[in-house]
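In the working numbering, the protein residues as written are 299 to 525. All C-beta atoms, glycine included, are put in the ideal place defined by N, C-alpha and C. Below is one structure, written out as structure tokens, with a few remarks after it.
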């Protein structure tokens, strides 16, 4: 049994008991071949929930600090995140964005699922912010379909993205998956900034429809800096 299957077998039942996730549309994720999962990002545990509610393993980029801890907690985090598919990348460096993009491309070209939060960071206030065009470049470079998804209620379980999750009666999370989006009509146009923006906005429009969030047409990082 792979470590991913072992983690699902061990933590899947616990997740269902504590968080009671309601999953809608998981059957829309293609059963084979490269797929991009693109969704909103409310809190830290989004990256714990997503891999455990999908049948196929989801690979995604994560901060290298998540797997570099030497304490017992740090080692457990490293075991979990690398086991479910996190690929550590130093995103704070000058070439962090390029490294993340190339990592995603490699994952997709190997026929796997790559998960991405187009906002680039957690929402500071629960609203949906403008998507960055890396998602569009990946889709156009690889031809992979994009399946939009929405996390709902995870920020109520873990407000502020920090500390231990706080499940409580009446708090329930949902994960909704939309229909696959095909952008092959834009093949060869992955350097056209207008096409990249149009593709990204189409993805974010679907995420907004699934999540019901208010949309803000600025980057989340800019909103955080202004706060």
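Item                                                                                                                   : Value
Residues bridged to residue 361 (per DSSP)                                                                             : 387
Distance CB(residue 343)-CB(residue 419) smaller than 8 Å                                                              : no
Spatial neighbours of residue 360 in its chain, beta-carbon cut-off 8 Å, leaving aside the 5 residues before and after : 345, 379, 384, 385, 386 and 387
Three-state secondary structure assigned by DSSP to residue 462                                                        : coil
At least three beta-carbon pairs within less than 8 Å, the region 439 to 455 to the region 501 to 519                  : yes
For residue 434 and residue 406, believed in contact at Cβ under 8 Å, the rounded distance                             : Actually they do not touch by this definition, with Cβ atoms about 13 Å apart.
Residue 337 - partner residues in DSSP beta bridges                                                                    : 447
Residue of 479, 525 and 490 minimising C-alpha distance to residue 500                                                 : 479
Selected residue, minimal CA-CA separation from residue 537, among 476, 474 and 338                                    : As displayed, the chain neither begins before 299 nor continues past 525, which places residue 537 out of reach and without an answer.
Rounded straight-line distance, which links the Cα of residue 382 to that of residue 293                               : This structure cannot settle anything about residue 293, because the visible part of the chain is limited to 299 through 525.
Assumed close pair residue 309, residue 350 - CB separation to whole angstroms, cut-off 8 Å                            : 6 Å
Integer-rounded CB distance, given that residue 457 should sit under 8 Å from residue 525                              : That pair is no contact at about 16 Å.
C-alpha distance - residue 474 paired with residue 323, whole-angstrom precision                                       : 6 Å
Among 495, 377, 341 and 503, the one whose alpha carbon lies nearest that of residue 460                               : 341
Nearest to residue 362 (by Cα), restricted to the options 353, 354 and 376                                             : 376
Residue 302 - containing alpha helix (DSSP H), residue span                                                            : 301 to 317
Residue 347 to residue 313 span [Cα, whole Å]                                                                          : 8 Å
Beta-carbon separation (whole angstroms), residue 413 vs residue 358, contact threshold 8 Å                            : 4 Å
Beta-carbon separation (whole angstroms), residue 432 vs residue 395, contact threshold 8 Å                            : 7 Å
Cα-Cα separation, residue 444 to residue 464                                                                           : 32 Å
Euclidean distance between Cα positions of residue 330 and residue 311                                                 : 25 Å
CB-CB length for residue 409 against residue 417, believed under 8 Å                                                   : No, residue 409 and residue 417 are not in contact; Cβ-Cβ is about 26 Å, not under 8 Å.
With 16 other Cβ atoms within 10 Å as the buried cut-off, status of residue 516                                        : exposed
Residue(s) in a DSSP beta bridge with residue 413                                                                      : 335 and 358
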